Amino acid sequence: MNWRRLKNIIWKELLDLSRDKRTIFAAIIVPIIFYPTLGGLIGYMFKAQPAYIAIIDYDKGEYSEELKNTLLNYSKYFGNVNIFTNYTSELQVLENPNIDLTLIIPKGFTENITKSLNGVGIVYIKPNVVSSKASEALSLVEMAINALSNNIVRKRIKTAIPNVEPERFLNPIKKVVEYIGPGGRAASPEERFLFLTLMIFILGLYFSMHPAIAFVTDSVAGEKERKTLEALLVTPASRIEILGGKLIASLVLSGVAAGMNTLGVFLMYTFLFGGLLGVQIPIGGGLGLIGIYAIDVFLTVTVTVSIALLLSTVSGSVRSAHSNATALTTVLALVMFASIYGDLEKIASQTLPLLYLIPYTHSVLALVTFVKYENGFIYSVRHLLILAIYTLALITLGAKLFSGERILIAKVKRKGRKFKLKLFA
Amino acid sequence: MLAVEIKNLHRFYGDFEALKGITFDIDEGEIFGLIGPNGSGKTTTLRIIATILKPSKGIVKVFGYDVVREADKVRELISYLPEEADLYKRLTGVENLLFFAKMYGETSDEVKEMVKFGIEISGLGNRVYDKVETYSKGMRRRLALARTLMVKPKLAILDEPTSGLDVYASVNVRNSIKKFVRETGSTVLLSSHNMLEVEYLCDRVAFISKGNIIAIGTPDELKKKYNASNLEEAFVRAVESELEET
Chain L
444 MNWRRLKNII WKELLDLSRD KRTIFAAIIV PIIFYPTLGG LIGYMFKAQP AYIAIIDYDK
504 GEYSEELKNT LLNYSKYFGN VNIFTNYTSE LQVLENPNID LTLIIPKGFT ENITKSLNGV
564 GIVYIKPNVV SSKASEALSL VEMAINALSN NIVRKRIKTA IPNVEPERFL NPIKKVVEYI
624 GPGGRAASPE ERFLFLTLMI FILGLYFSMH PAIAFVTDSV AGEKERKTLE ALLVTPASRI
684 EILGGKLIAS LVLSGVAAGM NTLGVFLMYT FLFGGLLGVQ IPIGGGLGLI GIYAIDVFLT
744 VTVTVSIALL LSTVSGSVRS AHSNATALTT VLALVMFASI YGDLEKIASQ TLPLLYLIPY
804 THSVLALVTF VKYENGFIYS VRHLLILAIY TLALITLGAK LFSGERILIA KVKRKGRKFK
864 LKLFA
Chain H
42 MLAVEIKNLH RFYGDFEALK GITFDIDEGE IFGLIGPNGS GKTTTLRIIA TILKPSKGIV
102 KVFGYDVVRE ADKVRELISY LPEEADLYKR LTGVENLLFF AKMYGETSDE VKEMVKFGIE
162 ISGLGNRVYD KVETYSKGMR RRLALARTLM VKPKLAILDE PTSGLDVYAS VNVRNSIKKF
222 VRETGSTVLL SSHNMLEVEY LCDRVAFISK GNIIAIGTPD ELKKKYNASN LEEAFVRAVE
282 SELEET
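Here it is as structure tokens:
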């Protein structure tokens, strides 16, 4: 290995790739702008958009008034909710398509409740199926109804069995919830959001992969397509030096892009949940998890680069190399999405061991096992090592394929004699 | 010493035999031309000498080094201009030269000297500091030639060096090659369709057709052998007589 030549190739690749403004913009600048904007926009839209609840009170009794007042009180603490009490019929409500939910209190509601201890009052709740705020409105209405129900039950208890404490009568079981971490230790408040943190990190892994594909396909297949590779292969630089230089340069830019993507995804969720719930996402797992995540991103990007490299050496153009590599890595990365909805480790170890053959399974498990087990670091390192082994194997294979002969005639073999003759000219 | 030594060279692509046992030598300091129609095996021959393709059978040596077993040593001595070679368009002309100079030069002085020589050969003047994507086709070809010759290889392999260039640009390129050989004493192996170019530049010429060398000699010898007034005529007669024999 001649380090001077390797350094020269890295310099050329970084200079060449960094001047590809479109790729740099798409891979590095867009994530840091687009993802947070998307998160902020969704959060803002959700928060800024009010929920409209219409109440039609045919009863006009004591309890229908109490229900309306409870709703109005709760709505002050429930975000952006408008309650309309001026409607007198359902037909009137139908004229306003912006109403997300209609609450109808029929005549006799109060009377039915008060006439005996067994009396039941009925209300009709009609959420609008095309409304994105209907479920929020429904939650509010149900909370108000529950509060009113509790109030009525307390009164009934006092009347029927005056020596009983209504609260204890209503809640004979006291719940004590204590969140625990690996090994049974008490979890910190931040760790209660570990699932959310992991989800964001796994999505960050997924988004980190794609810039790597763009850089490596441009570097290898692009050189072939732009007809600069042949002259390069005849220089004194060895195949390993050429390939190594390209890999290192692609990894440097991919690393920057991965960092930007991760930050972008984190900001997206911060703004999204800030907008939706008004809360900030704490990073559970601390610096240890962040460290493991950084190594995991690096190795996941490296594996992706290796896969893209293999496909680039046998593809005739940047477009085909890029689309083949994107298609393959996206299919393999389905495990990442699956892991958001289920425990990938349970599935892989108990029902589907084939998942272990997919490198990205180990990208996910390196994070999951770190937070799941008491000695999670050991399990995590095991998965990171498997990723490293995958990378080495793929790069070795790529280096073997990266021969002048194979690169030059790969296209010919696939496309037949017509192209053969062109090559022989 | 022989710059290139080729004995019984065969090359197959699947069932298709592109080279059918060609044999020829090139002396050190010579400008040698390989002439043939499309699909005759010129580029395959040059690629094998340049260590990109491997021979199916036969021996190819460059300054005594075997192109298969000692490819690394061969690549230290040669420089290659492929027919469809292009440059790194997002880099400037001088950055392109610098990149290739660093592949060959051991010290920074050597590299500077190569780049200086490259700028001179290219004849691009101050445009050499502009990005290659702003160059015309002729300028790109001149820079590609400069990149190939500036490292002063012992053997320069030039595949259709004036391919696709207009008359003026072609004359510039031919003059650069002639000047380069005069100044460095390097050996040049070139392929071309342009008989005038070959006659002007080459000390010796080989006619290649359908993977066979059908004639070899100085331009004057070939013209005399085929009773032709120019090399173009000689080439046509050589191909026709080959066809008659087969």
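The listed protein sequences derive, respectively, from chains L and H. If you count the first sequence from 1, position 348 lands on 791 in the numbering used here, and the numbers rise without skipping. If you count the second sequence from 1, position 227 lands on 268 in the numbering used here, and the numbers rise without skipping. From the three backbone atoms N, C-alpha and C, an ideal C-beta is built for every residue, glycine too. Just so you know, these numbers come straight off a predicted model, no measurement behind them.
Selection from the options that minimises the alpha carbon distance to residue i
i                           : options                                   : result
phenylalanine 871 (chain L) : L:Tyr712, L:Gly707, L:Tyr803 and L:Ala770 : This structure cannot speak to residue 871 (chain L), because chain L is shown only from 444 to 868.
phenylalanine 73 (chain H)  : H:Asn268, H:Val246 and H:Glu283           : H:Val246
isoleucine 249 (chain H)    : H:Asn271, H:Leu75, H:Ala210 and H:Ile162  : H:Leu75
serine 592 (chain L)        : L:Glu509, L:Leu835 and L:Pro625           : L:Glu509
leucine 484 (chain L)       : L:Ala577, L:Thr713 and L:Val695           : L:Thr713
tyrosine 54 (chain H)       : H:Glu124, H:Gly252, H:Asp66 and H:Glu136  : H:Gly252
isoleucine 63 (chain H)     : H:Gly179, H:Glu69 and H:Gly99             : H:Gly99
glutamate 673 (chain L)     : H:Ser120, H:Ala59 and H:Lys83             : H:Ser120
leucine 237 (chain H)       : H:Arg223, H:Glu224, H:Ile257 and H:Arg215 : H:Arg215
leucine 752 (chain L)       : L:Ile838, L:Ala630, L:Glu610 and L:Glu533 : L:Ile838
tyrosine 736 (chain L)      : L:Glu608, L:Asn561 and L:Ala701           : L:Ala701
lysine 178 (chain H)        : H:Thr203, H:Arg52 and H:Pro260            : H:Thr203
leucine 206 (chain H)       : H:Lys95, H:Thr85, H:Gly82 and H:Glu124    : H:Glu124
lysine 455 (chain L)        : L:Ile685, L:Lys464 and L:Phe650           : L:Ile685
alanine 210 (chain H)       : H:Arg182, H:Thr189 and H:Asn137           : H:Arg182
serine 81 (chain H)         : H:Arg116, H:Arg52 and H:Val101            : H:Arg52
isoleucine 162 (chain H)    : H:Asp200, H:Ile67 and H:Gly134            : H:Gly134
valine 222 (chain H)        : H:Ser232, H:Asp244, H:Val212 and H:Val152 : H:Asp244
glycine 731 (chain L)       : L:Asn523, L:Leu457, L:Leu560 and L:Val811 : L:Val811
tyrosine 567 (chain L)      : L:Ser507, L:Tyr649 and L:Glu634           : L:Ser507
Near the ligand GTP: residue i beta-carbon under 6 Å from a heavy atom
i                        : result
isoleucine 683 (chain L) : By its list of ligands, the structure shown contains no ligand whatsoever, and the ligand GTP lies outside what it can speak to.
Assigned secondary structure, residue i (DSSP; H/G/I helix, E/B strand, else coil)
i                           : result
valine 45 (chain H)         : strand
glutamate 286 (chain H)     : helix
tyrosine 567 (chain L)      : strand
phenylalanine 527 (chain L) : strand
threonine 640 (chain L)     : helix
asparagine 555 (chain L)    : helix
glycine 62 (chain H)        : strand
lysine 143 (chain H)        : helix
arginine 183 (chain H)      : helix
valine 109 (chain H)        : coil
phenylalanine 57 (chain H)  : strand
aspartate 502 (chain L)     : coil
serine 755 (chain L)        : helix
threonine 133 (chain H)     : strand
glutamate 848 (chain L)     : helix
threonine 545 (chain L)     : strand
threonine 99 (chain H)      : Note on identity: in this sequence residue 99 (chain H) is glycine, with threonine being the wrong assignment. Strand, per DSSP.
aspartate 459 (chain L)     : helix
tyrosine 121 (chain H)      : strand
tyrosine 495 (chain L)      : strand
arginine 52 (chain H)       : strand
Neighbourhood of residue i by C-beta, 6 Å cutoff - its chain only, sequence neighbours within 5 removed
i                        : result
lysine 550 (chain L)     : Tyr501 and Asp502
glutamate 274 (chain H)  : none
serine 574 (chain L)     : Asp543
alanine 580 (chain L)    : Ala494, Ile496, Asp543 and Leu544
isoleucine 255 (chain H) : Phe248, Ala279 and Glu283
lysine 130 (chain H)     : Val173 and Glu174
histidine 234 (chain H)  : none
valine 108 (chain H)     : Thr92, Val101 and Val115
7 Å Cβ shell around residue i - same chain, five flanking residues per side excluded
i                        : result
alanine 791 (chain L)    : Leu798, Tyr799 and Thr804
isoleucine 526 (chain L) : Ile496, Ile498, Leu514, Leu515 and Ser518
valine 807 (chain L)     : Ile645, Val778, Met779, Ser782 and Leu787
alanine 269 (chain H)    : Ala275 and Arg278
serine 758 (chain L)     : Ala664, Ala764 and Asn767
isoleucine 738 (chain L) : Leu827
leucine 449 (chain L)    : Glu684, Gly687 and Gly688
Bridge partners - residue i, DSSP secondary structure assignment
i                        : result
serine 232 (chain H)     : H:Leu75 and H:Asp200
glycine 258 (chain H)    : H:Val246
asparagine 253 (chain H) : H:Ser250
aspartate 68 (chain H)   : H:Leu43
lysine 576 (chain L)     : None; lysine 576 (chain L) has no bridge partner.
lysine 464 (chain L)     : Paired residue(s): none; lysine 464 (chain L) is not in a bridge.
lysine 172 (chain H)     : H:Thr133
Closer than 7 Å to chain C by CB, residue i
i                     : result
arginine 52 (chain H) : Protein chains in the displayed structure are L and H, and chain C is not among them.
Beta-carbon proximity list for residue i, same chain, < 8 Å, skipping 5 on both sides
i                        : result
isoleucine 683 (chain L) : Met444 and Ala842
In chain order, each alpha helix (DSSP H) run of at least 4 residues that lies wholly inside the segment 597-630 of chain L: Along the segment 597-630 of chain L, the alpha helix (DSSP H) occurs as fully enclosed runs of 4 or more residues at 609-613, listed in sequence order.
Within the segment 800-829 of chain L, note down every full alpha helix (DSSP H) run reaching 4 residues or more, in order along the chain. As far as the segment 800-829 of chain L is concerned, its whole alpha helix (DSSP H) runs of at least 4 residues are 802-815.
4 or more residues per run - each alpha helix (DSSP H) lying fully within the segment 677-750 of chain L: Qualifying alpha helix (DSSP H) stretches, in chain order: 682-720.
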